[in-house]
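Data block below; observations after.
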Amino acid sequence: MPNQTDTLLMIKVIYPSLTKTEKKVADLILQHSDSAMMATITNLAEQAGVGETTILRFCRKLGFKGYQDFKLSIAIDLVNLPTHINDEIDEDDDYQMVARKTTANNERMVQDTLGTINMIELKKAVKTLIGARKIYVYGLVSSGTTAQDVYYRLMRIGMNAEAQRDAHIIAMTAALAGEQDVVFGISTSGGTVDMVEAFRRAKKNGATTIALTGNGESALAAVSDITLLVPSKEMPLQGGSFSTKIAQMNLLDVLLTLVTMELKDTAYDSIKLTAKAVVDRMV
110 MPNQTDTLLM IKVIYPSLTK TEKKVADLIL QHSDSAMMAT ITNLAEQAGV GETTILRFCR
170 KLGFKGYQDF KLSIAIDLVN LPTHINDEID EDDDYQMVAR KTTANNERMV QDTLGTINMI
230 ELKKAVKTLI GARKIYVYGL VSSGTTAQDV YYRLMRIGMN AEAQRDAHII AMTAALAGEQ
290 DVVFGISTSG GTVDMVEAFR RAKKNGATTI ALTGNGESAL AAVSDITLLV PSKEMPLQGG
350 SFSTKIAQMN LLDVLLTLVT MELKDTAYDS IKLTAKAVVD RMV
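This is the structure we're talking about:
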């Protein structure tokens with residue numbers, strides 16, 4: 110069974126990567142979770158208009174050994190399902206309502222992040238970053254600013270890191286990454302060709318790759334040694350969604366806080382030194 114994850118949320122996360130028949134199963138479960146939880150595998154297959162093998166393949170994509178484990182997880186989800194206001198913003202909403210709905214959406218995205226964290230992958234990411242000789246942090250377009258934030262946090266705790274947001278420089282630095290180095294890529298879709306090719310090049314040289322993405326079945330996740338998933342409502346025409354960035358920053362905060370805690374005195378000494386270096390420059 111998946112490690113402490115929200116199954117209904119995970120269905121939404123991997124939805125873009127599902128086959129046409131698997132999407133029929135996903136749609137049925139998301140729209141009729143209560144009845145789907147009570148159905149046998151035969152009944153669910155009939156309702157979705159697919160074969161039983163499709164149901165089993167769908168369950169395995171979510172990390173379950175079989176259909177019964179999947180049903181149990183859905184039942185737990187339904188018990189813990191939160192209630193919230195409709196966050197769809199209407200053109201008639203006043204400033205106060207827009208503020209409330211936006212805030213509610215962002216709060217839910219942060220909570221959803223907790224539901225998608227795979228603790229095994231998170232622990233692997235912490236251990237890998239701590240043992241890295243150098244960390245290359247990559248992000249394109251709006252993800253580039255997030256990459257810069259990650260670099261800043263890593264630098265302040267004394268780690269050897271750099272951030273790149275230009276596709277050509279990403280390609281060149283990935284070619285220089287080698288054993289004991291880590292390439293950390295941030296891509297909501299996980300389908301950006303430049304990022305995927307950089308990961309392939311770095312892996313060929315022996316570097317370890319970590320992806321922060323909203324699609325666990327994406328091309329980037331497929332070439333990653335470690336995948337950290339975040340929920341995303343971002344569509345191709347909605348690049349740079351703040352709610353998605355908030356979810357990313359929340360998971361990154363968890364990750365880098367754990368790295369800092371593991372490094373202990375070494376990290377805190379570096380924080381003191383970097384703080385002291387700029388304190389005299391404050392007004």
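The working numbering puts the last residue of the sequence shown at 392; the count rises by one with no breaks. Don't be surprised by glycine CBs; every beta carbon is placed ideally from N, CA and C.
Top-ranked residue by Cα proximity to residue i, from the options
i	options	result
I198	N214, K373, D186, M264	N214
A316	E288, D303, V159	E288
K243	L231, S251, R217, G267	G267
R151	T282, E326, T162, L382	Residue identity check: residue 151 is Thr in the sequence provided, not Arg. The shortest Cα separation from T151 among T282, E326, T162, L382 belongs to T162.
S298	S341, A307, M147, D202	S341
K236	I185, T369, G300, A284	T369
G175	D186, T149, Q156	T149
R217	D115, F308, L365, L367	D115
C168	L127, V339, T366	L127
K381	M264, T282, R310	M264
T255	L364, R309, D203, M358	M358
L364	M119, I120, E230, R310	E230
S251	T383, G300, K170, K354	K354
Inter-residue spacing [alpha-carbon to alpha-carbon] between residue i and residue j
i	j	result
V387	T225	37 Å
V259	L181	37 Å
S333	L153	34 Å
R262	L372	13 Å
I278	Q257	14 Å
E200	D221	26 Å
L139	L165	17 Å
L117	G172	13 Å
T375	E326	37 Å
S352	R209	14 Å
L346	S296	Note that L346 scores a pLDDT of 40, beneath 50, so its modelled location is shaky; the value from the coordinates is reported in the next line. If I take the Cα positions, the gap works out to 15 Å.
K385	A284	36 Å
A356	V219	5 Å
E131	L223	25 Å
M228	L367	12 Å
L187	E155	23 Å
T322	Q273	17 Å
T211	V339	18 Å
K312	Q205	49 Å
T192	I185	Low confidence applies to T192: its pLDDT is 46, below 50, so where it sits in the model is not reliable enough to give any reading.
R310	H141	44 Å
F308	G253	16 Å
A276	G300	14 Å
L137	K170	16 Å
V207	T282	43 Å
G348	I120	For G348, the predicted structure reports a pLDDT of 49, less than 50, and the residue's modelled location is therefore unreliable. The matter cannot be settled from this model.
Whole-Å CB distance - residue i paired with residue j, under 8 Å assumed
i	j	result
N314	A286	6 Å
V246	A280	Actually they are not in contact, since the Cβ atoms of V246 and A280 sit about 15 Å apart, beyond 8 Å.
A234	I123	Actually they are not in contact, since the Cβ atoms of A234 and I123 sit about 19 Å apart, beyond 8 Å.
I183	A145	7 Å
K133	A157	5 Å
The ligand NAD heavy atom lying under 7 Å from the CB of residue i
i	result
E161	For the ligand NAD, the structure offers nothing, since it holds no ligand at all.
Buried/exposed call for residue i, threshold 16 Cβ in 10 Å
i	result
G294	buried
L361	buried
V159	buried
V292	buried
L238	buried
F179	buried
D378	exposed
M147	exposed
K232	exposed
D143	exposed
L329	buried
G240	exposed
V302	exposed
T336	buried
M304	buried
D203	exposed
D290	buried
M391	exposed
What runs of the beta strand (DSSP E), each 3 residues or longer, lie entirely inside the region 237-314?
243-248, 270-273, 290-296
Within the region 141-218, note down every full alpha helix (DSSP H) run reaching 4 residues or more, in order along the chain.
142-147, 150-157, 161-170, 176-189
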